[in-house]
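Single-structure report; data block below.
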Amino acid sequence: MDLTWSEQDEQFRAEARDWLAANVPRQPLPSGDTAEGFAAHLAWERALHADRWSVVSWPKEYGGREASIWQWLIFEEEYYRAAAPQRVTQNGIFLLAPTIFEFGTKQQQDELLPRMAAAQDLWAQGWSEPGAGSDLAGIRSRAARDEQAGGWRLSGQKTWSTRAAFCTHVFGLFRTDPQAERHRGLTYFLVPLDTPGVTVRGFDRLDGDEGFADVFFEDAFVPDSAVLGGVHQGWSVAMATTGSERGLTLRSPGRFLKAADALVALAGERAEAATDLLRDRVARSWMQAHAYQQFTLAQVTDIVEGRQVGARSSLNKVFWSELDIALHETALELLGPDALLDGPWTRGYQFSLSGPIYAGTNEIQRNIIAERLLGLPRR
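Mapping of the sequence shown onto UniProt numbering: position 176 corresponds to residue 176, and the numbering continues sequentially without gaps.
Here's what the structure looks like:
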């Protein structure tokens with residue numbers, strides 16, 4: 001693996017760094033999980049798009065720069081270095097878009113991707129259901145064929161849909177063959193949230209964020225063009241999305257490199273609280289953040305050379321989610337009583353606790369690692 005950047009890559013880094021330095025808001029935006037904050041973040045997303053920074057690795061016809069995957073990593077590193085706002089379009093551009101590139105028709109790509117890049121269509125994820133949170137194959141929402149109308153009638157409920165209260169569309173799985181085995185008979189649908197029969201019901205969290213929502217489907221009709229990847233092929237299509245969610249795109253190394261540097265700085269500021277044990281934990285967190293970067297570079301090398309990541313994305317997910325908690329726990333111990341105040345480390349810690357749950361619980365990921373990577377028996 002060549003760890004040196006080309007001259008072209010360094011030029012790309014310099015251009016990205018200069019643009020971010022000139023355009024990142026001087027004051028942090030409100031939380032993107034509130035109505036006020038989401039609106040402010042959309043303005044930022046559209047500024048990114050206007051100068052072709054919202055989806056740098058996409059084709060130019062869809063709003064991108066046709067940057068390499070290496071350059072995408074560089075941009076992510078510079079983005080976090082600049083303390084730029086969270087990406088409220090992440091469900092679309094980081095999770096759904098790679099799946100559309102792989103499984104979508106040319107018509108779907110041409111219609112959906114430019115609007116996604118421009119933050120005109122905003123996507124929520126419709127995976128979890130009551131009684132089927134981590135068990136994606138256990139979903140009960142259904143899609144019944146309507147031959148006369150040439151489409152499908154959707155019924156059921158999705159829950160814990162991040163920012164669905166503010167979004168315009170949802171993607172998710174529905175059971176199209178109730179008689180099929182658990183992982184079969186599923187179809188992946190793309191649904192506008194203003195479709196008659198679709199109801200979005202937001203609910204508040206204890207921290208004041210209001211973007212989470214339940215999405216209800218009551219005989220909601222969608223045409224055949226709403227199917228992504230083929231009828232009854234939803235499981236394999238969804239696995240591509242979860243691979244993106246657990247692997248490279250959702251949690252790039254830049255996020256943790258930035259956090260690790262901030263933790264080192266905090267340890268310097270709180271030297272009187274930095275016991276030998278805490279200093280060791282700070283050093284360990286910094287090393288693990290850089291180890292994650294090296295692991296990601298190795299994965300990108302595999303992708304560039306045509307090797308599939310597959311189940312190794314579960315290694316990614318377990319590592320970054322537990323690293324996130326460790327980083328923030330160490331910071332809170334350095335802060336001592338000040339950790340009780342509502343600051344970035346405290347809110348970051350609260351969010352980090354969800355990491356081992358979303359994108360597939362870490363218990364599920366460890367089963368995948370044991371069975372598919374280590375070859376251990378299921379029982």
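For each residue, glycine too, the CB sits at the ideal point set by N, CA and C.
Return the CA-CA distance between residue i and residue j, expressed in angstroms with no decimal places.
i    : j    : result
E77  : P337 : 32 Å
F351 : L186 : 31 Å
E371 : R379 : 10 Å
S6   : D18  : 18 Å
W123 : T89  : 7 Å
D110 : V237 : 19 Å
L193 : R115 : 15 Å
L154 : I357 : 27 Å
R281 : I325 : 12 Å
A331 : T176 : 48 Å
L47  : E66  : The displayed chain sequence assigns Ala, not Leu, to residue 47. Using only the alpha carbons, I get a separation of about 18 Å.
T301 : R307 : 9 Å
V170 : D276 : 49 Å
R13  : A97  : 24 Å
F38  : E305 : 38 Å
R145 : Q293 : 46 Å
G375 : G229 : 29 Å
C167 : L297 : 33 Å
E36  : T346 : 21 Å
R205 : Q8   : 45 Å
E45  : A339 : 31 Å
F295 : V309 : 12 Å
V24  : P85  : 8 Å
N362 : E10  : 36 Å
S31  : A311 : 33 Å
E102 : Y62  : 15 Å
G355 : I369 : 17 Å
S68  : A291 : 22 Å
Buried or exposed for residue i, going by 16 or more other Cβ atoms inside 10 Å?
i           : result
I303        : exposed
Q27         : exposed
T99         : buried
R255        : buried
F203        : exposed
V264        : exposed
S225        : exposed
L20         : buried
H183        : exposed
L95         : buried
E269        : exposed
L136        : buried
residue 435 : In the structure as shown, the chain begins at 1 and stops at 379. Residue 435 is therefore absent and cannot be evaluated.
T4          : exposed
Could you check whether the Cβ of residue i sits closer than 8 Å to any Cβ belonging to chain B?
i    : result
A124 : You won't find chain B in this structure, because it holds only one protein chain.
Less than 8 Å between the beta carbons of residue i and residue j, yes or no?
i    : j    : result
V198 : A220 : yes
G64  : W70  : no
F189 : V227 : yes
A273 : L334 : yes
H49  : A143 : no
V222 : T195 : yes
G343 : H328 : no
G126 : A132 : no
A289 : L323 : yes
W320 : R251 : yes
L173 : G234 : yes
S141 : F217 : yes
F75  : A117 : no
Any idea which residues DSSP pairs residue i with across the strands?
i    : result
P192 : H169
S161 : A213
R153 : A144, F221
F174 : T187
G104 : BP columns for G104 are empty, so no partner.
So, at 8 Å on beta carbons, what are the nonlocal neighbours of residue i in its own chain, with the 5 sequence-adjacent residues on each side left out?
i    : result
T34  : G208, D209, E210, G211
L112 : I100, G104, D121, L190
P130 : Q157, T159
Between residue i and the rest of its own chain, which residues show a CB-CB distance below 6 Å, the 5 nearest in sequence each way excluded?
i   : result
Y80 : G254, R255, K258
If you drop the 5 nearest sequence neighbours on each side, which residues of the same chain put their C-beta closer than 7 Å to that of residue i?
i    : result
S128 : K158, T159, W160
A149 : F221
W72  : V56, S57
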